[in-house]
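The sequence shown begins at 529 in the numbering used here and counts up by one.
Heads up, the beta-carbon is just placed ideally off N, CA and C, and yes, glycines get one too.
Just so we're clear, the structure is a prediction, and the values are computed from it rather than from any experiment.
This report refers to the structure that appears directly beneath it.
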Amino acid sequence: KQLLADLRVILSVYQKEHQVGYLYSVVKASKNETAGGEGIEVLMNESYEEDGEKGQFTCKIYQLKSKVPGFLKMIAPEGSLLFHEKAWNAYPYCRIIAL
529 KQLLADLRVI LSVYQKEHQV GYLYSVVKAS KNETAGGEGI EVLMNESYEE DGEKGQFTCK
589 IYQLKSKVPG FLKMIAPEGS LLFHEKAWNA YPYCRIIAL
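Shown next, in the form of structure tokens:
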């Protein structure tokens, strides 16, 4: 039997502050994790509005080859260590599609 839980956390930030913080964290993580072609590659980062919902859309590729043990790199098929992510962040809701 599946249990569905709804958790709500009250934050002391406004929507605009959250969006600025989110963008900052994406840029900071990308900068910290990217070296020599590895890490997070941000393909698209733009505002969107859909059905009255405003937010930030990001499309990223996580290149994980340098993050896994050597034996796994040897047996992993070419391209299998890439993680594609599309995210629609409309505070307080976020929808993520991982490919």
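Legend entry - Endpoints, the alpha helix (DSSP H) within which Leu552 is located: A small fix is needed here, since residue 552 is Tyr in this sequence, not Leu. Residues Gln543 to Glu561.
Inset, instruction - Label Gln584 either buried or exposed according to how many other C-beta atoms from any shown protein chain fall within 10 Å of its C-beta, with 16 as the threshold for buried. - result: buried
Inset, instruction - Just the C-alpha distance for Pro605 and Lys593, rounded to the nearest angstrom, thanks. - result: 11 Å
Inset, instruction - Count the other C-beta atoms from every protein chain shown that fall within 10 angstroms of the C-beta of Gly580, then say buried if there are 16 or more, exposed otherwise. - result: exposed
Legend entry - Residue(s) in a DSSP beta bridge with Glu606: Answer by DSSP bridge pairing: none, since Glu606 is not bridged.
Legend entry - Proximity below 8 Å, CB of Ser590 to CB of Glu613: The question names Ser, but residue 590 is Tyr in the sequence shown. Closer than 8 Å, so yes.
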